[in-house]
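For reference, the structure is listed below as structure tokens.
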Amino acid sequence: QVQLRESGPGLLKPSQTLSLTCTVSGGSISGGLYYWNWIRQHPGKGLEWLGYIYHSGTTFDSGTTYYNPSLQSRLTISADTSKKQFSLKVASVTAADTAVYYCARVGVSGGRYTGFDYWGQGNVVTVSS
Amino acid sequence: AIQLTQSPSSLSVSVGDRVTITCRASQGISGTLAWYQQRPGIPPKLLIYDASTLAIGVPSRFSGSGSGTEFTLTISSLQPEDFATYYCQQFYNYPFDFGPGTKVDNK
């Protein structure tokens with residue numbers, strides 16, 4: 007059974023960099039079958055997709071990333087396939103980055119995405135001075 | 165970016181009712197739409213992808229339809245565990261945005 011689990015700080019001060027890690031168990035994050043995503047949810051609000059990383063599994067593949075253009079300048083997603091972990095960094099946080107941060111998997115079949123089918127439990131992040 | 169709107173934003177229903185939620189896209193997205201259910205305090209659960217394909221383990225009372233710009237999620241007979249917020253989400257273009265949600269609560 008695939009499981010995802012986020013880890014990281016719960017409280018940051020404005021201007022700091024948020025670093026979160028998602029650890030995947032029950033499956034590999036390389037191999038080209040899945041995209042590994044970060045999604046956040048502001049308190050009492052809807053869902054915002056932040057970006058993904060994708061590994062084809064070939065020897066020299068360092069991973070392909072795509073970010074939400076509205077936040078792209080502050081986001082970095084990376085992965086350590088040997089540890090089955092992928093990470094999110096958000097630079098220069100403000101109170102507007104206060105949210106629950108989820109990692110999630112999306113599969114691809116026949117060239118089509120098959121939905122975010124596995125999610126972590128969420129990491130609550132508060133930005134406050 | 166593609167904008168998704170949902171209607172209604174909320175509805176009050178009773179157990180056993182038939183529930184229909186509509187999601188409209190600002191441009192055609194073929195059938196690349198997913199639906200999620202979220203109960204308070206837990207992550208969203210995938211219900212449907214490709215507009216009408218039921219995700220593994222999802223009860224058959226849930227169904228999805230539509231293509232292009234208008235999509236529908238239907239719950240044929242609402243069960244107590246279905247009181248939740250429902251989100252649509254598109255995979256046609258980046259960013260993979262979600263709709264604003266429809267809250268289904270108890271009348």
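Sequence order for the protein chains is A and B.
Just so you know, we're using our numbering here: the first sequence kicks off at 7 and counts up by one.
Just so you know, we're using our numbering here: the second sequence kicks off at 165 and counts up by one.
Where is the CB? At the ideal position from N, CA and C, for every residue including glycine.
For residue 178 of chain B, which residues in the same chain have their Cβ closer than 6 Å to its Cβ, ignoring the five residues on either side in sequence? For the purposes of this step, residue 178 of chain B is taken as the residue at position 14 of the second sequence. Closer than 6 Å at Cβ, skipping near neighbours: 271.
According to DSSP, residue 269 of chain B sits in a beta bridge with which residue or residues? Here residue 269 of chain B is taken as the residue at index 105 of the second sequence, counted from 1. Residue 269 of chain B is bridged to B:176.
So what does residue 46 of chain A bridge to, in DSSP terms? The count along the first sequence starts at 1 and reaches residue 46 of chain A at position 40. For residue 46 of chain A, which the question treats as bridged, DSSP gives the partners A:54 and A:107.
So, with DSSP's three-state summary, where would you put residue 188 of chain B? For the purposes of this step, residue 188 of chain B is identified with residue 24 of the second sequence, where counting begins at 1. Residue state, collapsed to three classes: strand.
Strand pairing of residue 92 of chain A, partner residues [DSSP]: What you label residue 92 of chain A is simply residue 86 of the first sequence in a count that begins at 1. According to DSSP, residue 92 of chain A bridges with A:28 and A:85.
Given that residue 208 of chain B touches chain A, what residues does it touch there, using C-beta distances under 9 Å? Mapped onto the second sequence, residue 208 of chain B falls at position 44. What residue 208 of chain B touches in chain A: 45, 47, 53, 108, 110, 122 and 125.
Using alpha carbons as the reference points, say which of A:14, A:53, A:58 and A:78 lies closest to residue 35 of chain A. Taking the first sequence and counting its residues from 1, the one referred to as residue 35 of chain A is at position 29. Minimum Cα distance to residue 35 of chain A is reached at A:58.
Can you give me, in chain order, the residues of the segment 69-91 of chain A that have a beta carbon less than 7 Å from any beta carbon in chain B? Near chain B, meaning a CB-to-CB distance below 7 Å, the residues of the segment 69-91 of chain A are 72, 74 and 75.
I believe residue 121 of chain A touches residue 107 of chain A by the beta-carbon criterion, under 8 Å. Please report the beta-carbon distance rounded to the nearest angstrom. Residue mapping note: residue 121 of chain A aligns to position 115 of the first sequence, counting from 1. Residue mapping note: residue 107 of chain A aligns to position 101 of the first sequence, counting from 1. Rounded, the Cβ-Cβ distance is 19 Å, inconsistent with contact.
Anyone know if the C-beta pair for residue 123 of chain A and residue 248 of chain B falls short of 8 Å? By one-based count along the first sequence, residue 123 of chain A stands at place 117. By one-based count along the second sequence, residue 248 of chain B stands at place 84. No. Outside cutoff.
Please report whether the beta-carbon of residue 38 of chain A lies at a distance below 8 Å from any beta-carbon of chain B. For the purposes of this step, residue 38 of chain A is taken as residue 32 along the first sequence, with counting starting at 1. For residue 38 of chain A, the answer is no, since every Cβ of chain B falls outside 8 Å of its Cβ.
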